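Here the protein sequences come in this chain order: A and B. For the first sequence, this note's numbering gives the first residue as 671, with consecutive numbering after it. For the second sequence, this note's numbering gives the first residue as 248, with consecutive numbering after it. What follows is a single structure, written as structure tokens, with notes after it.
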Amino acid sequence: MIILENVTKIYEASNGSVTAVDNVSLQIKEGEIFGIIGYSGAGKSSLIRLLNGLEKPTKGKVVVAGRDIANIKGKELRKARQEIGMIFQHFNLLWSRTVRENIAFPLEIAGVPKDQRKKRVDELIQLVGLQGREDAYPSQLSGGQKQRVGIARALANNPKVLLCDEATSALDPQTTDSILELLVDINKRLGLTIVLITHEMHVIRKICDRVAVMENGKIVEQGEVLQVFRQPKQEITKRFVQQVVEPEETKETITHLLDRYPNGTVVQLTFVGEAAEQPLIANVVRQFQIDANILQGKISQTHQGSYGVLFVHMDGEKEEIARAIDYIRSQQVAVEVITDAR
Amino acid sequence: MLANLLPNVEWDMMWAATVETLYMTGIAVVVTFILGTILGLLLFLTSKGNLWENRLANTIIAAAVNIFRSIPFIILIILLIPLTKWLVGTMLGANAALPALIIGAAPFYARMVEIALREIDKGVIEAAKAMGASTATIIWKVLLPESLPALVSGITVTAIALVGYTAMAGVVGAGGLGNLAYLEGFQRSHNDVTFVATVLVLIIVFVIQFIGDFVTSKIDKR
């Protein structure tokens, strides 16, 4: 659906040039939700704007839905953009238009006749759950409602691709979740390909099938979300994964625990997928002569399955503990013996 | 009673002068609105980072706007005498004031239009582009509607300035309340005529301001 080949975007500024996107190659499949995560300044905003021609690449090829976005202009580009919806962090609604009129705007651009426009707007209002607010102005809506209008507007012309530019970054956690659920729902129901950029791993975890991690204009890591959660390779990816799987105070707690339990071993167990749902600790205690004490843990739900981290203190004979750890490993759970919180 | 207090005021003349002032202001406001909006749009669109970014065109338009905005109005009228004679055929009467009024006010209003357009959230323009809007669509459906309250309050200020300009134009023979106050009031030392003409100008200004504020508050949904 989307192919990027060796795409580079360089901005010429008065004090030298800035490489925002550096030789990026990506393939995004039809119907998937693809996330691009990075801190601000990583180049993800530029990257997503290359996909609908709001920015032109300095080098490389951008193909979206079979169209060579980088090399088309004028009417052809405008036509292509009608097939690529986009939603924004700050919603970017027209304050002078009501909900209904905002959603009708892309239809006006596409030249849809008035009676069909009305019908389509009604459908979209149903789809995003804004019944009863049709004639409100954006200033009378909450952030979540504004983003719903943004989504309805982006879907008006039945696009093949939806681009989300930090679409939930200005929303509170609950509203974020409801917007993310709406996106998944749309993805399933309409088979729409969704590309989103964010700096929140929570968003990736919740809805993405695949993720690319961006740093200094480059894609440093990409893969299935669960795979990336299980084995983050780059330092930056590890930090993003920590954002969601470890409670904030983990490090302090572990240091404290190591001081309190000088005997025995503290281990970090990482479960992925089905392993997270097995009664593993119970089995360990039953089969081996050790005491196991769960210190802290968290299981997160990703779009593809669960992912959990558990900190366990084991006490008993050294050899018995070693055997227990081997057993746990054999159950496809990653084990890391913690001797130091850092 | 009124005749005793204001012995020299001839109400027919006063009414005729008021109509002339309203006529000059009205026509000038309409043309200034159209011309100023076009100039303001050009200033905005050719500026850095916008749809028709063009440094040369922007510099030229900005220079022209600044020059005409800087010339004191009374001097502008004199400078424009040849143009006015060619366009209107005479230097007397309300129509003769129009070229100077419009050329004096349109650049002033163009700057206000430019400021109003710059206040529009860039994200909204980007969103329209992302939807595949053409430049014409962006102008008609985004730029103008989104800046309308500022455009209306700007034309209100401009209209009030134009009432003042008509009074000056009146001194050089264009008619209206300014002309009446100068010829009948000042030169013949009939202070009551000057007084009544001033009160009428004030009423016109208040009414314009009231209408402007009312319309602005009606259309502003922010």
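For each residue, glycine too, the CB sits at the ideal point set by N, CA and C. In this text the structure is predicted, and so the values were computed from the model without any measurement.
Members of the segment 749-765 of chain A that neighbour chain B once the beta carbon cut-off is set at 7 Å: Lys749, Arg751, Gln752, Met756, Phe758, His760, Asn762, Leu764 and Trp765
Phe461/B vs Thr405/B beta-carbon contact at 9 Å: no
CB of Asn827/A within 9 Å of CB of Gly755/A, strictly: yes
Test item: CB-CB of Thr384/B and Ala375/B under 9 Å: yes
Candidates Leu303/B, Pro392/B and Gly425/B, of which the one nearest Met260/B by Cα: Gly425/B
Asp692/A in three-state terms, based on DSSP: strand
For Gly459/B, the nearest candidate out of Ile402/B, Leu430/B, Ala414/B and Gly417/B (CA to CA): Ile402/B
Cross-chain neighbours of Arg469/B in chain A, by beta carbon under 9 Å: Trp765, Ser766, Tyr807, Pro808 and Ser809
With 16 other Cβ atoms within 10 Å as the buried cut-off, status of Ile349/B: buried
Contact with chain A by Thr272/B, beta-carbon distance below 9 Å: no
Cutoff 9 Å: Gly296/B Cβ touching any chain A Cβ: no
Residues in the segment 356-371 of chain B having any Cβ partner in chain A nearer than 8 Å: Asp368, Gly370 and Val371
Residues near Leu980/A in its chain [Cβ-Cβ closer than 6 Å; skip 5 each side]: Leu939 and Gly967
Range of the contiguous alpha helix (DSSP H) that encloses Ala263/B: Trp258 to Leu292
Boundaries (first-last residue) of the beta strand (DSSP E) holding Lys625/A: In the structure as shown, chain A begins at 671 and stops at 1012. Residue 625/A is therefore absent and cannot be evaluated.
Closest residue to Ser464/B among Leu409/B, Val446/B and Val399/B (Cα-Cα distance): Val399/B
Own chain partners of Gln801/A with C-beta closer than 8 Å, once the 5 adjacent residues on each side are dropped: Ile795
Cβ-heavy atom distance, Pro254/B to the ligand GDP, below 8 Å: The ligand content of the structure shown is nil, which means the ligand GDP is not present either.
As assigned by DSSP and simplified to three states, the class of Leu339/B: coil
Residues in the segment 716-730 of chain A having any Cβ partner in chain B nearer than 7 Å: Asn722 and Leu724
Glu300/B versus Trp258/B - alpha carbon distance: 55 Å
Span of the alpha helix (DSSP H) around Gln801/A: First-last for Gln801/A: undefined, no H or E at that position.
Interface flag, Asn676/A vs chain B, CB-CB below 9 Å: no
Contained alpha helix (DSSP H) runs [length at least 4] in the segment 839-908 of chain A, N- to C-terminal order: 843-860, 871-877 and 895-900
Met984/A, enclosing beta strand (DSSP E) - first and last residue: Ser976 to Gly986
Where Tyr1021/A sits in the DSSP three-state scheme: Here chain A has residues from 671 to 1012 only, and residue 1021/A is not among them.
Cut-off 8 Å between Cβ atoms - residues of its own chain near Thr768/A, not counting five sequence neighbours on either side: Glu804, Asp805, Ala806 and Tyr807
Distance CB(Ile742/A)-CB(Gly820/A) smaller than 9 Å: no
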